[in-house]
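The structure appears right after this line, and notes come after that.
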Amino acid sequence: MSEQEFQTLVITELRGIRGDVELLRHDVEGLKQDVEGLKHDVEGLKQDVEGLKHDVEGLKQDVDDLKQDVEGLKGEVDKVKNGMGAFGNELAILNVRVDTYQKASGQVVNLAFGLIVTAVITIIGVMWAG
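As structure tokens, then:
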């Protein structure tokens, strides 16, 4: 192989290597762009995570508020239950009073009816005698 053939072969190989280097350079640029895109995506995801953290904190606060509301409602229910207990006692006393009133009213009606019958008999007796 002559020197000129050798140089031609070397030049051809170097051109091939240069082409490969250019392809690699192009691939590296593509990878850099991909990395930049991924960085952008990661930043977006970080912001999303921060937003979700904020949402979770808000939900935790809402749950705490609801717990307090439930506790307050439990207290109100207990008050109503206690009030109903007292109301039940008062209702029982009122029922006894109404029952007593009804019995007394019945006795008064019977007494009045008896007095009317006695008065009628007395009037009839006076009319017969007289």
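Heads up, the sequence shown is in full-length UniProt numbering, so the first residue is 1 and it goes up one at a time.
Where a beta carbon is used, it is the ideal one built from N, C-alpha and C, also for glycine.
None of the values given here were measured: they were computed from a predicted structure.
Pair within 9 Å by beta-carbon distance, residue i and residue j
i          : j         : result
residue 14 : residue 1 : no
Residue i, DSSP secondary structure in three states
i         : result
residue 2 : coil
Distance, residue j Cα to residue i Cα
i           : j           : result
residue 114 : residue 128 : 21 Å
residue 17  : residue 27  : 15 Å
residue 50  : residue 32  : 27 Å
residue 94  : residue 88  : 10 Å
residue 29  : residue 35  : 10 Å
residue 61  : residue 73  : 18 Å
residue 44  : residue 52  : 12 Å
residue 125 : residue 110 : 22 Å
residue 70  : residue 91  : 30 Å
residue 105 : residue 97  : 12 Å
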